[in-house]
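*Asks:* Every letter in the sequence shown is one number past the one before it in the working numbering, and letter 39, counting from 1, is 1068.
Just passing along the structure, written as structure tokens.
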Amino acid sequence: MTPEKTMTLDAIKTIGVIGAGQMGRGIAQVSAQTGYNVIVIEPYDEVIKKARASIDKNLQVALEKGKIKKKELPAIHSRITFEKELDSLAPVDFVIEAAVENTAVKVDIFTRLDQVCAPHVILTTNTSSVRLGKLASATKRPDKVLGMHFMYPAQMMKLVEIIKTPATSEESYQIVKELALKMGKTPITVTDSPCFITSRLIQTLINEAIFCLYQGVSTKEEIDTAMKLGMNHPMGPLELADFIGLDVVLAMQQALYNGFQDPKYRPCPLLMSLVEVGHLGRKTGRGFYEYNKDGTKKS
Ligand SMILES: NC(=O)c1ccc[n+]([C@@H]2O[C@H](COP(=O)([O-])OP(=O)(O)OC[C@H]3O[C@@H](n4cnc5c(N)ncnc54)[C@H](O)[C@@H]3O)[C@@H](O)[C@H]2O)c1
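See below:
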């Protein structure tokens, strides 16, 4: 029996990214800009087309801001390839999963990744709320399964939450941390717990803002103004909820509530009512506010 190869940061040449949605495309771009070959798995042609266009546009912006040089552009583009089947990840040295936020989908992906990728390959997920332990236990390498939670938009935002489970090895953790640093990010370390740090804090704020509205404490505009002018937040919590999508917000709050079994995280009934009638925020034209077809807020 040949001994299992040990992974080092220097041994990583090709990164597999699953999903070319809002997050996957940004993660693919950052990885290619850092010098890695990237294989992106995305089943849908139209999503691949949008991802390519978005990466082109973002690289152009990076060029205009002097963050990359013109002569680097063709190499960055050539490092990213798109594939449709997970089996195409057989040659990769590291994986960042950014598929849809659904526990069953992610468990299935991790079960398959464990079969497709070499045993020394570290498997990470960009999930915001799925329990890491569930994904780790779907594999025969729980010591090499971690969260690598980028913020939106991944190519710009500096923070990466690195999530460890009790089964994560120190070696795997160090490699993920070094990789995040190499990508120009600031990593923070988080123990696997419901919604980690960033999502837990922002969802708690959003839920409290919805309760303020529900209880008639103030108007939606004044609640948002309070946090924009009073706390220097770029968006108010209700505007932010509409931007994220109220169905996504509710799912995160339910993950917090179920994860802790603590009534302090119960989602506000007003949020549930809005989701039930399909007022999901900007993407449906109506949430806490109303929106025009181009996504701008109706005055
Ligand atoms: N959007 C955000 O602001 C944000 C921020 C941080 C983390 N996240 C997390 O990142 C992940 C991706 O989020 P997103 O907003 O990019 O989602 P998204 O729905 O925009 O993109 C997900 C993509 O994954 C693709 N995909 C590839 N393989 C798949 C498979 N086997 N099954 C299902 N889908 C597959 C889908 O077709 C889709 O295009 C989620 O786990 C989410 O919680 C999102």
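C-beta atoms are modelled at their ideal positions from N, C-alpha and C, and glycine is treated no differently.
If you draw a straight line from the alpha carbon of Glu1199 to that of Gly1045, how long is it in whole angstroms?
*Replies:* Spanning the two alpha carbons is a distance of roughly 22 Å.
*Asks:* Starting from Val1136, trace the alpha helix (DSSP H) both ways and give me its first and last residue.
*Replies:* Counting along the chain, the alpha helix (DSSP H) containing Val1136 begins and ends at Thr1132 to Val1145.
*Asks:* Would the segment 1227–1246 and the segment 1200–1215 be scored as touching if the rule is three or more Cβ pairs under 8 Å?
*Replies:* As far as the Cβ criterion goes, the segment 1227–1246 does not touch the segment 1200–1215, which means the pair count is below three.
*Asks:* So, Ala1238 versus Leu1275, is the Cβ gap smaller than 8 Å?
*Replies:* For Ala1238 and Leu1275, no; Cβs fall outside 8 Å.
*Asks:* Going by other Cβ atoms of all chains shown within 10 Å of its Cβ, with 16 needed for buried, is Asn1321 buried or exposed?
*Replies:* Exposed, by the Cβ-count rule.
*Asks:* For Leu1088 and Ile1077, which I take to be in contact (beta-carbon distance under 8 Å), what is that distance rounded to the nearest angstrom?
*Replies:* So it is not a contact: roughly 16 Å between Cβ atoms.
*Asks:* Please tell me whether, using a cut-off of 7 Å, the distance from the CB of Gln1051 to the nearest non-hydrogen atom of ligand 1 is below it.
*Replies:* The answer is yes for Gln1051.
*Asks:* Please determine whether the Cβ atom of Ala1119 lies at a distance below 7 Å from any heavy atom of ligand 1.
*Replies:* It does not: the Cβ of Ala1119 is nowhere closer than 7 Å to a heavy atom of ligand 1.
*Asks:* Just curious, the alpha helix (DSSP H) that Pro1216 is in, first and last residue?
*Replies:* Premise fails: Pro1216 lies in the beta strand (DSSP E), Thr1215 to Thr1220, not in any alpha helix (DSSP H).
*Asks:* Using a threshold of 8 Å, state whether the C-beta atoms of Lys1211 and Leu1188 are closer than that.
*Replies:* Contact: no.
*Asks:* Any idea if Gln1290 is buried or exposed, counting beta-carbon neighbours within 10 angstroms, 16 or more meaning buried?
*Replies:* It is exposed - the Cβ of Gln1290 has fewer than 16 other Cβ atoms within 10 Å.
*Asks:* Considering Cα atoms alone, identify which of Phe1317, Pro1223 and Asp1271 is closest to Gly1288.
*Replies:* The candidate whose alpha carbon is nearest that of Gly1288 is Pro1223.
*Asks:* What are the residues that DSSP puts in a beta bridge with Tyr1320?
*Replies:* Answer is Lys1326, bridged to Tyr1320.
*Asks:* Tell me the rounded alpha-carbon separation between Leu1152 and Met1177.
*Replies:* Distance between the alpha carbons of Leu1152 and Met1177: 9 Å.
*Asks:* Check the C-beta distance from Asp1137 over to Lys1169 and give it rounded, since I have them as a contact under 8 Å.
*Replies:* In fact, because the Cβ distance is near 15 Å, the residues do not count as touching under 8 Å.
*Asks:* Measuring CB to CB, does Pro1195 end up less than 8 Å from Glu1033?
*Replies:* Taking 8 Å as the Cβ cut-off, Pro1195 and Glu1033 do not qualify as a contacting pair.
*Asks:* Please report the distance separating the alpha-carbon of Pro1103 from that of Asp1323.
*Replies:* Distance between the alpha carbons of Pro1103 and Asp1323 is about 32 Å.
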